[in-house]
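Going by our numbering, 236 is the number at position 233 of the sequence shown; the sequence numbering is gapless. Just so you know, even glycine gets a beta-carbon here, dropped at the ideal spot from N, CA and C. See below for the structure under consideration.
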Amino acid sequence: MKHRNQVFDNVLDLVGNTPLIKLNKVASKFKGNFYAKVESFNPGQSSKDRIATYIIEEAERKGILTPGATIIETTSGNTGFSIAMVSIIKGYDCVLAVSSKSSADKIDMLKTMGAKVYVCPAHVSANDPRSYYEVAKRLHSEMKGSVYINQYFNQLNIDAHYASTGPEIWKQTEGKITHLVACSGTGGTISGTAKYLKEQNPNIKVIGVDAFGSVIKKYHETREFDEKEIYPYRIEGLGKNLIPTATDFDVIDEFVKVTDEESAHTARELARTEGLFVGYTSGAATQALKQLGEQGEFNEDDYVVVIFPDHGSRYMSKVYSDKWMQEQGFFDSINEAAAQNIEYIK
Ligand SMILES: Cc1ncc(COP(=O)(O)O)c(C=O)c1O
């Protein structure tokens with residue numbers, strides 16, 4: 004892996020080796036030492052650059068991907084962006100089947116990165132031929148030599164973090180890490196990182212962050228898939244309404260649930276207090292850290308690493324929009340929003 008003061012052949016050389024940055028303010032009232040692994044320093048501005056490069060390079064190594072082939076995935080989020088970026092550099096076609104719920108901004112971003120985007124109706128069931136799952140499966144079967152990334156059910160998603168995020172954190176903390184706090188969506192990040200770290204020191208405590216409205220925490224505790232846990236929530240990339248095989252529940256010690264509202268305010272607090280402009284789930288992970296701190300989870304010498312998955316710029320029309328915050332009822336009053344650091348000169 005190269006260092007940042009060198010010259011790079013292309014952007015993919017910059018994937019991984021993200022910095023560990025001390026959190027000096029948000030958790031200062033708790034005992035312990037807190038550090039963020041800031042994944043927005045990846046060239047595609049999220050942790051998903053790791054899985055995109057790893058999975059595609061594995062497919063090349065195994066001879067599954069041949070020059071000019073097509074790579075398919077079903078996401079309008081960070082993974083779609085990263086796959087599109089890797090595809091450009093390596094000369095593949097990238098096809099993304101996304102839900103019509105995806106914002107126009109996201110679809111424009113993916114198109115800008117050279118992806119062919121299929122926008123599929125959001126209101127149909129998963130097994131409807133028009134759903135983005137079914138469209139991706141059909142395209143995969145029709146396109147000879149194509150590769151379907153399928154991040155929720157791909158073991159390589161875990162392996163990517165086992166091979167990079169885990170070893171990086173172990174080295175950066177000089178083996179001193181005592182706790183890992185990470186959001187769980189596909190579960191790849193937390194599972195692969197935790198597996199590596201626990202092989203080095205089985206006493207490291209691994210805490211997953213889940214959303215209210217997701218089945219993951221309850222499944223971890225009971226191994227029961229409880230549909231009653233499912234209801235809509237706003238944080239994207241965290242929690243799920245199914246059980247992904249890319250989550251290794253055995254390496255995770257416990258899950259903490261966080262609310263949309265507290266996570267949004269904590270994301271804003273990270274910008275204001277630490278100067279870290281990061282995504283909604285980074286706010287969620289820090290919110291979980293605070294809840295754990297309140298419960299007295301940490302001691303003086305603890306070395307806590309929290310993973311920040313992506314950059315704040317992807318949330319300008321959400322968490323970082325006062326209008327959106329108001330619409331969600333996350334500001335007590337219009338005045339609270341209006342009073343935030345803005346003055347109009349007439
Ligand atoms: C913004 C964001 N945060 C957190 C996650 C969770 O990471 P993982 O899918 O590895 O569990 C994702 C991925 O879906 C994401 O896009």
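Please determine whether the Cβ atom of residue i lies at a distance below 7 Å from any heavy atom of ligand 1.
| i | result |
| --- | --- |
| Glu224 | no |
| Leu292 | no |
| Ile152 | no |
| Ile193 | yes |
| Ser49 | yes |
| Glu76 | no |
| Asp313 | yes |
| Thr189 | yes |
| Leu273 | no |
| Glu257 | no |
| Asn81 | yes |
| Cys97 | no |
| Gly296 | no |
| Glu60 | no |
| Thr269 | no |
| Leu241 | yes |
| Gly286 | no |
| Gly278 | no |
| Gly282 | yes |
| Cys186 | yes |
For residue i, name the three-state secondary structure that DSSP assigns.
| i | result |
| --- | --- |
| Ser324 | coil |
| Asn160 | helix |
| Thr168 | helix |
| Asn81 | helix |
| Lys349 | coil |
| Ser194 | helix |
| Asp111 | helix |
| Glu257 | strand |
| Gly315 | helix |
| Ala139 | helix |
| Lys293 | helix |
| Asp304 | coil |
| Gly286 | helix |
| Leu23 | strand |
| Lys34 | coil |
| His126 | coil |
| Lys28 | coil |
| Lys51 | helix |
| Thr248 | coil |
| Lys208 | strand |
| Lys93 | helix |
Going along the chain, which residues of its own chain have a beta-carbon closer than 8 Å to the beta-carbon of residue i, five neighbours each way excluded?
| i | result |
| --- | --- |
| Pro132 | Val138, Arg141 |
| Ser134 | Cys123, Pro124, Val127, Ser128 |
| Met112 | Phe84 |
| Ile114 | The question names Ile, yet the displayed sequence has Lys at residue 114. So the list reads Val120, once near-sequence residues are dropped. |
| Lys65 | none |
| Asp235 | For the sequence presented, residue 235 should be read as Pro rather than Asp. Only Gly216 meet the Cβ criterion. |
| Asn8 | none |
| Val101 | Thr77, Thr78, Ser79, Gly83, Lys109, Ile110, Leu113, Val120, Tyr121, Val122, Cys123, Tyr135 |
| Asp229 | Val218, Lys221, Tyr222 |
What does a CB cutoff of less than 6 Å around residue i pick up in its chain, not counting 5 residues either side in sequence?
| i | result |
| --- | --- |
| Tyr165 | Gly195, Lys198, Tyr199 |
| Gly188 | Gly240, Leu241 |
| Lys25 | Tyr38 |
| Glu232 | Val218, Lys221 |
| Lys51 | Asn81, Thr82, Ser85 |
| Gly190 | Pro247, Ala249, Thr250 |
| Gln203 | Trp173 |
| Glu303 | Lys34 |
| His223 | Phe252, Phe258 |
| Leu23 | Tyr38, Lys40, Gln175 |
| Trp327 | Lys321 |
Using 8 Å as the limit for Cβ to Cβ distance, is residue i near chain D?
| i | result |
| --- | --- |
| Asn206 | Judged by its chain identifiers, the structure shown contains no chain D, having just a single protein chain. |
Report all residues from its chain with a CB closer than 7 Å to the CB of residue i; omit the five preceding and five following residues, and keep chain order.
| i | result |
| --- | --- |
| Gly94 | Pro70, Gly71 |
| Phe317 | According to the sequence shown, residue 317 is Arg rather than Phe. So the list reads Gly282, once near-sequence residues are dropped. |
| Val89 | Leu15, Ala55, Thr56, Ile59 |
| Glu61 | Leu159 |
Do the stretch 269-283 and the stretch 205-215 make contact, defined as three or more Cβ pairs closer than 8 Å? The stretch 269-283, when compared against the stretch 205-215, does not touch it at the 8 Å Cβ threshold.
Counting Cβ pairs, one atom from each stretch, are 3 or more of them under 8 Å apart for the stretch 175-189 and the stretch 96-110? Touching, no.
Is it the case that the stretch 45-64 contacts the stretch 310-318, given that we only count it when at least three CB pairs across the two stretches are under 8 Å? Judged by pairs of C-beta atoms under 8 Å, the stretch 310-318 touches the stretch 45-64, as three or more such pairs exist.
Segment contact flag, the stretch 254-268 with the stretch 323-334, C-beta cutoff 8 Å, min 3 pairs: Short answer: they touch.
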